[in-house]
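J.: Okay, so the sequence shown: first residue is 1 according to full-length UniProt numbering, each after it adds one. Please read through the structure below; I'll follow up with questions.
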Amino acid sequence: KQTFLALKQTKKAGDKTHMRLGDAVVRGFTKKMKASGLSTPPTTPTQVSSQPVFTQEAQSSGPSPERSEPTTRSRSLSTPPDTGQRLSLPSAKPPIPSSSPVPSYSTSQQVYGLFEGMLEKLELDDDAAEPESDIYMRFMKSHKCYDIVPTSSKLVVFDTALQVKKAFFALVANGVRAAPLWDTEKQSFVGMLTITDFIIILHRYYKSPMVQIYELEEHKLETWREVYLQATFKPLVNISPDASLFDAVYTLIKNKIHRLPVIDPVTGNALYILTHKRILKFLQLFMCEMPKPAFMKQTLGELGIGTYHDIAFIHPDTPIIKALNIFVERRVSALPVVDDSGKVVDIYSKFDVINLAAEKAYNNLDITVTQALKHRSQYFEGVVKCHKMETMETIVDRIVKAEVHRLVVVDERSSIEGIVSLSDILQALVLSPAGIDAQHC
Numbered sequence: 001k002q003t004f005l006a007l008k009q010t011k012k013a014g015d016k017t018h019m020r021l022g023d024a025v026v027r028g029f030t031k032k033m034k035a036s037g038l039s040t041p042p043t044t045p046t047q048v049s050s051q052p053v054f055t056q057e058a059q060s061s062g063p064s065p066e067r068s069e070p071t072t073r074s075r076s077l078s079t080p081p082d083t084g085q086r087l088s089l090p091s092a093k094p095p096i097p098s099s100s101p102v103p104s105y106s107t108s109q110q111v112y113g114l115f116e117g118m119l120e121k122l123e124l125d126d127d128a129a130e131p132e133s134d135i136y137m138r139f140m141k142s143h144k145c146y147d148i149v150p151t152s153s154k155l156v157v158f159d160t161a162l163q164v165k166k167a168f169f170a171l172v173a174n175g176v177r178a179a180p181l182w183d184t185e186k187q188s189f190v191g192m193l194t195i196t197d198f199i200i201i202l203h204r205y206y207k208s209p210m211v212q213i214y215e216l217e218e219h220k221l222e223t224w225r226e227v228y229l230q231a232t233f234k235p236l237v238n239i240s241p242d243a244s245l246f247d248a249v250y251t252l253i254k255n256k257i258h259r260l261p262v263i264d265p266v267t268g269n270a271l272y273i274l275t276h277k278r279i280l281k282f283l284q285l286f287m288c289e290m291p292k293p294a295f296m297k298q299t300l301g302e303l304g305i306g307t308y309h310d311i312a313f314i315h316p317d318t319p320i321i322k323a324l325n326i327f328v329e330r331r332v333s334a335l336p337v338v339d340d341s342g343k344v345v346d347i348y349s350k351f352d353v354i355n356l357a358a359e360k361a362y363n364n365l366d367i368t369v370t371q372a373l374k375h376r377s378q379y380f381e382g383v384v385k386c387h388k389m390e391t392m393e394t395i396v397d398r399i400v401k402a403e404v405h406r407l408v409v410v411d412e413r414s415s416i417e418g419i420v421s422l423s424d425i426l427q428a429l430v431l432s433p434a435g436i437d438a439q440h441c
């Protein structure tokens, strides 16, 4: 039951693929969409949401046992949750209004995108001094979280009865950074397992290379949660597929989290995990079709975006255990590696720590960062850098194309000056024009 050596893949109805991985269940689903690529036609910020249009295939496929079941589903105690996606008719459930503190806007001038059905009619106010300054904010308010869910996606779900070590091995085996946790007794999702949990366990319980980490080898996820959440319990932060992307950005930044599960409030099913990177990539796809705000031509230095004081960094000979301590104590997600001359030569991120599990090298954390980075499983093209004199437009393009979570700000000698993260960029593009500073609220 708890063996992860083989994945058995079986096809089931509804274009869903189920793969059992011990107590971890990998669910693949394909969402059926209109030709335009959306389940529902997009709406403008001042427009009432219209009803979704279902394909003929979806309407004539006969009664679905999943769709006809009651709102409160009774699941077998031995069966993990179904993470396949379902669509609910508006007649059964009214659209969820946005709860974000953003006012409505008058309509006088319309801007149309080239991609019908995806890029909204963004309505501008002729009386505004700079009508396009908040256009990215309104774009995000006019799209739902469901719009960003890929057509085909894989979601890994862990039962809380699974052993901690096997859970982290499963993350590595499936190439994911986080997984929702399912409590069979409560019949609900109760939290997320992330690489940060792995780091905290190593930070708390590592003694020396000669002492095995019992808590990692023997504890179950439910035991770890009881120990870790003993002092402060925080409920699972999630979002509805009907909520706006603006709400998703606000929730991510306000709660200082990097992963936001999208959970259907009707069925209780987890559909996808939203990230800063996914949201910014979606926005950047349509930037060229929208008026460009003036701040996109301003530099990082002029805008003051990023962190430039008390930057946490390490050296090539820093022991891994010391780097883990900095991750936990400073609550940062990456540490630039700086040589003796002050030049940035590498970067050690939280994601690199999971390679310790892949290589089963977590029992010796006295090795240096340089030695640990030799175990990188993916091709590493070097540190992605930028300068304070580069424009916001250049920064957004670079971080999206490089598919990284942050840029290291350096001077002309490649000495570290600061860090610009995805949350810094989304705060500037989406929240600041609305007068919201979620990073410090």
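Where a beta carbon is used, it is the ideal one built from N, C-alpha and C, also for glycine. Here the structure is a predicted model, which is why all the values come from computation and not from measurement.
Give the list of continuous alpha helix (DSSP H) stretches no shorter than 4 residues that lie fully inside the UniProt domain "CBS" (305-367).
T.: Here the runs fully enclosed are 320-330 and 350-358.
J.: If we call anything under 7 Å between Cβ atoms a contact, is residue 433 one with residue 142?
T.: The answer is no: Cβ separation not under 7 Å.
J.: In three-state DSSP terms, what is residue 261?
T.: Residue 261: strand per DSSP, three-state reduction.
J.: Over what stretch of residues does the beta strand (DSSP E) that includes residue 416 continue unbroken?
T.: Looking at the DSSP string, the run of the beta strand (DSSP E) that includes residue 416 is 416-421.
J.: Counting only runs that start and end within the UniProt domain "CBS" (379-438), where is the alpha helix (DSSP H) found for 4 or more residues in a row?
T.: The UniProt domain "CBS" (379-438) contains these whole alpha helix (DSSP H) runs: 392-402 and 422-426.
J.: Verify whether the separation of the beta carbon atoms of residue 312 and residue 332 is less than 7 Å.
T.: Yes, the Cβ-Cβ distance between residue 312 and residue 332 is below 7 Å.
J.: Within this structure, are the beta carbons of residue 306 and residue 420 separated by less than 7 Å?
T.: Their beta carbons are under 7 Å apart, which means residue 306 touches residue 420 by this criterion.
J.: Can you tell me whether DSSP reads residue 290 as helix, strand or coil?
T.: In this structure, residue 290 counts as coil in the three-state DSSP scheme.
J.: Do residue 137 and residue 430 have their C-beta atoms within less than 7 Å of each other?
T.: Contact: yes.
J.: Comparing alpha-carbon positions, which option in 357, 406, 365 and 435 lies nearest residue 195?
T.: With distances taken between Cα atoms, residue 195 lies closest to 357.
J.: Among 168, 180, 410 and 382, whose alpha-carbon lies nearest the alpha-carbon of residue 259?
T.: Considering only alpha carbons, the answer is 180.
J.: Could you please give me the residues that DSSP links to residue 247 through a beta bridge?
T.: For residue 247, which the question treats as bridged, DSSP gives no partner whatsoever.
J.: Note the first and the last residue of the continuous beta strand (DSSP E) segment covering residue 273.
T.: Taken as a continuous stretch (DSSP letters only), the beta strand (DSSP E) holding residue 273 covers 270-275.
J.: Let's test the definition: count the other Cβ atoms within 10 Å of the Cβ of residue 247 and tell me whether it reaches 16, buried, or not, exposed.
T.: Per the 10 Å Cβ criterion, buried.
J.: Using the Cβ count rule (16 or more neighbours within 10 Å means buried), how would you classify residue 165?
T.: Label assigned to residue 165: buried.
J.: Can you tell me whether residue 78 is buried or exposed, with buried defined as 16 or more other CB within 10 angstroms of its CB?
T.: Low local confidence applies: a pLDDT of 38 at residue 78 is under 50, so the model's placement there is unreliable, with the coordinate-based value given in what follows. Under this definition residue 78 is an exposed residue.
J.: Please state whether DSSP places residue 299 in a helix, a strand or coil.
T.: Strand, per DSSP.
J.: Which residues in the same chain as residue 202 place their Cβ atom closer than 8 Å to its Cβ, once the five residues preceding and following it in sequence are excluded?
T.: Excluding residues within five positions, the ones whose Cβ falls inside 8 Å are 213, 216, 321, 324, 353, 356, 362 and 365.
J.: Since residue 139 contacts residue 295 with CB under 8 Å, what's their CB separation in whole angstroms?
T.: About 15 Å; that fails the 8 Å criterion.
J.: Looking at C-alpha atoms only, which residue of 388, 255, 302 and 188 is the closest neighbour of residue 157?
T.: Residue 188 is the option with its Cα nearest to residue 157.
J.: Could you name the residues that DSSP lists as bridge partners for residue 194?
T.: Per DSSP, 178.
J.: Drop a sphere of 10 angstroms on the beta-carbon of residue 238, count the other beta-carbons inside from all chains shown, and report buried for 16 or more, exposed for fewer.
T.: Counting Cβ neighbours within 10 Å, residue 238 comes out buried, since at least 16 surround it.
J.: Rounded to whole angstroms, what is the Cα-Cα separation between residue 175 and residue 242?
T.: Between residue 175 and residue 242, the C-alpha separation is close to 28 Å.
J.: Just the C-alpha distance for residue 265 and residue 376, rounded to the nearest angstrom, thanks.
T.: Distance between the alpha carbons of residue 265 and residue 376: 39 Å.
J.: Going by the CB atoms, is the gap between residue 407 and residue 416 shorter than 7 Å?
T.: No.
J.: Going straight from the alpha carbon of residue 205 to that of residue 298, what length do you get?
T.: Whole-angstrom Cα-Cα distance: 47 Å.
J.: Quickly, what does DSSP pair residue 183 with across the bridge? List them, please.
T.: DSSP output for residue 183 lists 188 as bridge partner(s).
J.: Any idea if residue 288 is buried or exposed, counting beta-carbon neighbours within 10 angstroms, 16 or more meaning buried?
T.: When all chains shown are included, residue 288 counts as exposed.
J.: Should residue 448 be labelled buried (16 or more other beta-carbon atoms within 10 Å of its own) or exposed?
T.: Here the chain covers residues 1 to 441 and nothing more, so residue 448 does not appear.
J.: Spatial neighbours of residue 386 within its chain, please: C-beta separation below 8 Å, excluding the five flanking residues on both sides.
T.: These residues qualify, in order along the chain: 300, 394, 395, 398, 407, 408, 409, 410 and 420.
J.: Go ahead and pull the three-state DSSP assignment for residue 166.
T.: Residue 166: helix per DSSP, three-state reduction.
J.: Quick one: Cα of residue 154 to Cα of residue 328, how far?
T.: When rounded, the distance between both Cα atoms is 29 Å.
J.: Give the range of the alpha helix (DSSP H) segment to which residue 135 is assigned.
T.: 135-141 is the extent of the alpha helix (DSSP H) around residue 135.
J.: I'd like to know whether the C-beta atoms of residue 149 and residue 272 end up nearer to each other than 7 Å.
T.: It is a contact, given that the beta carbons lie within the stated cut-off.
J.: Give the straight-line distance between the Cα atoms of residue 108 and residue 291, rounded to the nearest whole angstrom.
T.: Residue placement at residue 108 is flagged as unreliable, the pLDDT there being 32, under the threshold of 50; the coordinate-derived value follows with that caveat. In a straight line, the C-alpha of residue 108 is about 15 Å away from that of residue 291.
J.: Report the partner residues of residue 239 according to the DSSP bridge assignment.
T.: DSSP, once it has assigned bridges, lists 262 as partnering residue 239.
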